[in-house]
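Undergrad: So for the sequence shown, the working numbering puts the first residue at 43; every next one is plus one. Using N, Cα and C, we set each Cβ at its ideal position, and we do this for glycine too.
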Amino acid sequence: MNTLLRNSLGAVCCLTLLSAAPAGAAEHGSEKEAQEMVKKAVALVKSAGPESAYKAFTEHPDGAFKDRDLYVFVYDFGGICLAQGANPKMVGKNLAAIKDVDGNPFIQGMIDMVKSTSRGWYGPYKFTNPNSQGYELKRSYCERGAGDTMVCVGTYFVK
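1. Going straight from the alpha carbon of T30 to that of N173, what length do you get?
2. For the alpha helix (DSSP H) that contains L137, what are its first and last residues?
3. Applying the 10 Å Cβ sphere with the 16-neighbour rule, what's the burial state of F199?
4. If M152 sits next to C194, beta carbons under 8 Å apart, how far is it from one beta carbon to the other, in whole angstroms?
5. For Y96 and V116, what's the separation of their Cα atoms in angstroms?
6. Rounding to the nearest angstrom, what Cα-Cα distance links G127 and L112 in this structure?
7. Just list the residues that DSSP pairs P181 with in beta bridges.
8. So which of K135, F99, M155 has the shortest CA-CA distance to S182?
9. Measure the alpha-carbon distance for K168 versus E178 and round it to whole angstroms.
10. For the alpha helix (DSSP H) that contains F99, what are its first and last residues?
11. Using DSSP with H/G/I as helix, E/B as strand and the rest coil, what is V143?
12. Can you give me the C-alpha to C-alpha distance between T197 and E75, rounded to a whole angstrom?
13. Here's the rule: buried if 16 or more other CB atoms are within 10 angstroms of the residue's CB, otherwise exposed. What is E185?
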């Protein structure tokens with residue numbers, strides 16, 4: 043009886059851990075989803091024009107361009123925020139010199155990367171997760187947008 047109880051308890055613990063893991067991952071968007079969102083965002087910039095697209099990225103009506111912790115942000119190559127799906131107060135501000143808590147000038151780093159390669163992953167860097175409100179490690183996928191701009195979506199590392 044003692045062995046049966048111990049084995050049953052072990053099985054319940056394993057099932058609990060296995061069922062909890064996907065729930066944590068489900069709170070975070072994947073790198074593939076981030077890349078797909080960037081491609082969709084760049085397509086909207088081309089089809090609807092930058093002004094309409096940036097408004098959609100910032101306001102995300104009907105849940106467009108905001109999915110869990112994934113959201114679009116757009117900067118020009120001078121560091122001016124043109125759209126920000128998690129914090130609209132950033133729009134219009136020059137954030138090229140902003141640094142994360144470790145002193146990493148991540149916006150300028152993304153700009154430099156896009157200027158040289160047109161697309162790619164930047165990071166890791168630390169940024170506030172809009173869901174947890176805490177600083178978390180993040181990587182962002184960026185592509186060149188209209189003119190001298192970059193369109194990005196970041197993914198937070200799953201803890």
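TA: On the basis of the coordinates in this document:
1. Given that the chain is displayed from residue 43 to residue 201, the structure contains no residue 30 and the question cannot be resolved.
2. Neither: L137 is in no alpha helix (DSSP H) and is coded neither H nor E.
3. exposed
4. At roughly 6 Å, the Cβ-Cβ gap stays under 8 Å, so M152 and C194 are in contact.
5. 8 Å
6. 9 Å
7. For the sequence presented, residue 181 should be read as Arg rather than Pro. Note: R181 sits in a beta bridge opposite T197.
8. M155
9. 5 Å
10. Residues 92 to 101.
11. V143: coil per DSSP, three-state reduction.
12. 9 Å
13. buried
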